[in-house]
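Numbering (my numbering), first residue to last: 1403 to 1682.
Put into C-alpha cells, the structure is as follows:
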C-alpha cells in the first residue's frame, strides 16, 4: 500500500494561485491513498472562491486515488465535513495499519511553546506517527513526524529550508521535497530587495526608527514586485527611539511621521505593524 501524506494546506483566497501549482505536483505521484492531516481550509467561514476551489481539488483527488482521508483541523473543524458528500472520509484522527495520523502538537513539537496537551509517549503503541498542525517539518523521534505544510503560510516558517510531503510505502518512508511552493525570505537591507526574484514571499525587517524614516517611501517600489510583501519592525531598544523627542512618546512621533508617507498602502502596512508591535 502506497500512501501520500500532506500537512496543513490552509486554502485561502490569497494563496489559491500558488495552490493551483502545489496540488498538481502532489497529484503527480502515484499512490493508493492520500491523507490530509488537517486545516485543509484556512478558516471555517469560506468565501465562494475558496469553497469552489477546495471542492474541485478534492474531487480530483477522489477521482485519482482509491482512498482519500481528510482530518479535521482547528481552523476548519465542522466546515470540512461537507466533503463526505464527495466520498471523502473525514475524521478527527486516523489509525491505519497501526500508523497514527493526527492534528495536534505534542510536548516535543518545536513550535508548541508549552501549549501541547499530549506527549509522544501516549502514542508509543503505534508503529509510525504522522502529525499536522505544525507548519514546519520535524522529526519527533523514530518514525514520528510533523509533516509540515506543503507551502510557506506565515513568517513563522521563514527559516524552513523546504516544504515537503511524505510517501509511505509499506515500511519505507520517503520525504519528498516539493518544487512548486513559493519561497519565503527575510530581507534586512533595501538594496537586497532589488536582487530578488519576483517569485518570493518577502518580509522586510527594519531594525530602528532611523532606518524606518529613511526607507519608508522607498518601499512602495517593492510592494507590488513580490508575491507577497510584509514589513516587520524589529526595534531592539525602544528607549533609544524615544530620545528623538523627549516631549513626545513614541506613538505621537509615529503618528506624525506616518502622515509624511506618500503611498497609502505602505502607510497602512506600517500603521498596522506599529499597532501589532505595541500590543494593541
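The C-beta atom is built at its ideal place from N, Cα and C for all residues, glycine as well.
query	result
Short Cβ contact (8 Å threshold) for residue 1512 with residue 1540	yes
Alpha carbon of residue 1582 to alpha carbon of residue 1444, nearest angstrom	20 Å
Of the listed residues 1515, 1597, 1567, 1432, nearest to residue 1463 (C-alpha basis)	1432
Alpha helix (DSSP H) segment containing residue 1513, residue limits	That residue, residue 1513, is in no alpha helix (DSSP H); it is neither H nor E in DSSP.
Contained beta strand (DSSP E) runs [length at least 3] in the region 1589-1636, N- to C-terminal order	1603-1608, 1630-1635
Residue of 1502, 1626, 1621 minimising C-alpha distance to residue 1570	1502
Cβ shell of residue 1630 (< 6 Å), same chain only, five flanking positions each side left out	1603
Start-to-end residues for the beta strand (DSSP E) that takes in residue 1559	Residue 1559 -> no beta strand (DSSP E), and no H or E assigned at all.
Residue nearest to residue 1494 in terms of C-alpha spacing, selected from 1588, 1475, 1488	1475
DSSP three-state assignment for residue 1456, whether helix, strand or coil	helix
Separation of residue 1637 from residue 1644, as counted between CA atoms	In this prediction, residue 1644 scores a pLDDT of 37, lower than 50, which makes its location untrustworthy; the coordinate-derived value is nonetheless stated afterwards. Those two C-alpha atoms are separated by around 12 Å.
Rounded Cβ spacing between residue 1577 and residue 1554 (contact assumed at less than 8 Å)	The pair is not a contact, with the Cβ atoms about 17 Å apart (cut-off 8 Å).
Delimiting residues of the alpha helix (DSSP H) encompassing residue 1427	1418-1429
Backbone CA spacing between residue 1628 and residue 1622 [nearest angstrom]	12 Å
8 Å Cβ cutoff met for residue 1470 and residue 1436	yes
Neighbourhood of residue 1639 by C-beta, 6 Å cutoff - its chain only, sequence neighbours within 5 removed	Residue placement at residue 1639 cannot be trusted, given a pLDDT of 49 that sits under 50; what the coordinates show is reported in the next sentence. Excluding sequence neighbours, residue 1639 sits near nothing in its chain.
Sub-8 Å separation of residue 1409 and residue 1543 beta-carbons	no
Selected residue, minimal CA-CA separation from residue 1468, among 1406, 1635, 1567, 1532	1406
Collapsed DSSP secondary structure at residue 1415 in the structure displayed	helix
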